[in-house]
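Enquirer:
Numbering (the numbering used here), first residue to last: 255 to 790.
#1: Under the three-state reduction of DSSP, which class applies to residue 542: helix, strand or coil?
#2: May I have the straight-line CA-CA distance separating residue 359 from residue 381, to the nearest angstrom?
#3: Would you say the beta carbon of residue 585 is closer than 6 Å to some non-hydrogen atom of the ligand NAD?
#4: By Cβ distance below 8 Å, which residues in the same chain neighbour residue 467 in space, the five residues on each side in sequence not counted?
#5: With H, G and I counted as helix, E and B as strand and the rest as coil, what does DSSP make of residue 678?
#6: Do residue 562 and residue 632 have their beta-carbon atoms positioned less than 7 Å apart in this structure?
#7: Residues bridged to residue 709 by DSSP?
#8: Using CA coordinates, which residue listed in 384, 462, 438, 415 is at the minimum distance from residue 353?
#9: Given a cut-off of 7 Å, decide if residue 668 and residue 660 are closer than it, judged by their beta-carbon atoms.
#10: Check the C-beta distance from residue 442 over to residue 495 and give it rounded, since I have them as a contact under 8 Å.
#11: Relative to the C-alpha of residue 552, which candidate in 624, 687, 408 has its C-alpha closest?
#12: In the DSSP assignment, find the alpha helix (DSSP H) that holds residue 594 and state where it starts and stops.
#13: Nearest to residue 641 by alpha carbon, out of 364, 741, 685?
#14: Grab me the residues of residue 344's own chain with a C-beta within less than 8 Å of its C-beta, minus the 5 sequence neighbours each way, in chain order.
#15: If you follow the alpha helix (DSSP H) that residue 570 is part of, which residue opens it and which one closes it?
#16: Residues in its own chain within less than 8 Å of residue 784 by CB, not counting five upstream and five downstream?
#17: Can you give the Cα-Cα distance for residue 266 and residue 670, rounded to whole angstroms?
#18: Once you ignore the five residues that flank residue 312 on each side, which residues in its own chain have a CB closer than 6 Å to its CB?
#19: Give a yes or no on contact between the region 274-287 and the region 599-611, applying the rule of three or more CB pairs nearer than 8 Å.
#20: Is the CB-CB distance between residue 581 and residue 601 below 7 Å?
#21: With DSSP collapsed to three states, give me the class of residue 717.
#22: Contact check, residue 388 vs residue 321 under 8 Å by CB: the rounded distance?
#23: Determine which residues share a DSSP beta bridge with residue 653 and list them.
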């Protein structure tokens with residue numbers, strides 16, 4: 255290891271530790287370490303640290319793996335919902351207009367950085383600042399365990415659409431559209447069956463990690479990049495292609511540690527763009543005034559699309575930051591002679607400060623959303639989107655979360671034994687089929703912590719059955735259920751012995767091996783094997 259590498263590692267760990275002691279996200283420490291390293295002329299050996307190329311390489315690897323992991327949890331159908339594509343499109347147009355006006359005002363007020371820019375440069379800067387950081391948002395959602403929540407899925411969908419905008423921008427700015435061969439990428443869809451078959455042969459150990467890295471970087475990043483598309487978008491697309499497979503959660507869990515380590519380099523790289531002078535810091539601070547406007551625009555747009563205030567506010571708050579893609583836009587604009595090199599550093603400071611501000615705000619996101627909900631209550635529940643309406647539990651004895659094969663059988667068994675049962679399922683097509691057969695089921699995501707705020711609780715509810723096929727989903731739901739002070743019986747399914755142990759440790763009363771039982775057995779286990787339903 256070179257002395258420079260040792261210095262970078264030590265600085266990153268020390269700054270991250272200080273941030274943790276101060277109860278701040280470690281990523282803020284990594285950002286600070288990057289700025290400190292950028293300002294160091296010589297340390298120890300007297301070598302100029304500058305901007306070590308390996309940092310950029312590791313940062314790119316970390317972002318690619320992060321987007322691949324995001325794709326593993328993403329339902330592509332959510333991107334087609336209007337609260338995703340319509341919100342993103344309108345919001346981008348609105349913020350570009352506001353941003354151009356704001357920068358023009360700064361120029362008129364004598365801010366040097368904003369002076370001398372033509373309309374095209376102003377529009378590019380405004381577009382760059384309108385985007386939110388995929389890396390930051392996903393890390394916040396992962397830390398809250400809410401990447402599957404309603405607002406988390408909307409936020410990720412917005413980020414994906416913004417990435418699509420980024421592909422268009424990069425293609426136009428370089429004057430080279432994607433290769434005509436890019437249409438051949440559609441062949442990856444029928445190839446999925448072969449890919450999953452190879453995946454099954456890889457096992458659950460180190461080969462699975464290597465498989466995930468291979469998929470993210472070869473058919474993902476490298477293939478898309480070779481065909482003129484954004485490589486990071488390719489990694490995301492490969493993750494989405496493999497989403498829903500039986501072992502997608504296992505794969506995401508396997509690459510988690512590698513991804514987190516590499517992302518340290520990403521946050522370091524933001525700070526390593528250079529040490530700003532006072533004028534650049536002041537300009538960056540002024541640009542942060544666009545964040546409240548950006549946040550309010552998201553809240554208004556999502557509310558107009560019949561989202562609950564809580565969903566709109568949480569989505570807006572997690573998106574209230576600037577994107578690392580802004581640095582790409584500035585570099586491209588600099589190459590085209592539209593802006594000076596100073597704008598790259600100014601933008602890097604803006605992104606870093608937005609992370610600091612967003613971290614502070616999102617640490618109190620629940621309290622902020624509660625306060626806004628009290629002052630600005632939701633309209634008539636019937637006017638909200640179906641997935642946002644309150645779920646009445648009038649005279650319900652049991653909830654079955656996950657209405658697949660096992661869940662449907664458990665629902666039927668509990669009903670046969672005289673209980674009043676309600677199923678909860680996130681798959682719209684499955685909900686429609688079950689309702690057509692007369693099954694009591696509502697459309698909702700059981701892993702969404704805000705779901706339990708929508709449930710109108712009654713004293714008769716005594717049993718919750720977790721029949722979702724993914725261990726992480728069942729585990730997350732148990733934590734949410736117990737956090738809501740539910741004292742009844744919680745029964746769950748598991749595939750492996752270690753999952754059984756973990757579910758019991760986190761509050762499950764009964765856990766059934768999915769390979770050794772059925773939904774009927776799960777329902778009987780939930781009732782303790784008795785022939786009579788629990789007494790009200």
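C-beta: ideal position from N, C-alpha, C; glycine also.
Expert: In this structure, then:
#1: coil
#2: 17 Å
#3: Summarising the ligand content, the structure contains no ligands, and the ligand NAD is consequently not present.
#4: 319, 509, 512
#5: strand
#6: yes
#7: 645
#8: 384
#9: no
#10: 6 Å
#11: 408
#12: Run containing residue 594: none; DSSP gives neither H nor E here.
#13: 685
#14: 555
#15: 563-572
#16: Model confidence at residue 784 stands at a pLDDT of 40, short of 50, so the residue's coordinates are unreliable; what they give is reported in the following sentence. Around residue 784: no qualifying Cβ.
#17: 60 Å
#18: 516, 519
#19: yes
#20: yes
#21: strand
#22: 7 Å
#23: 676, 718
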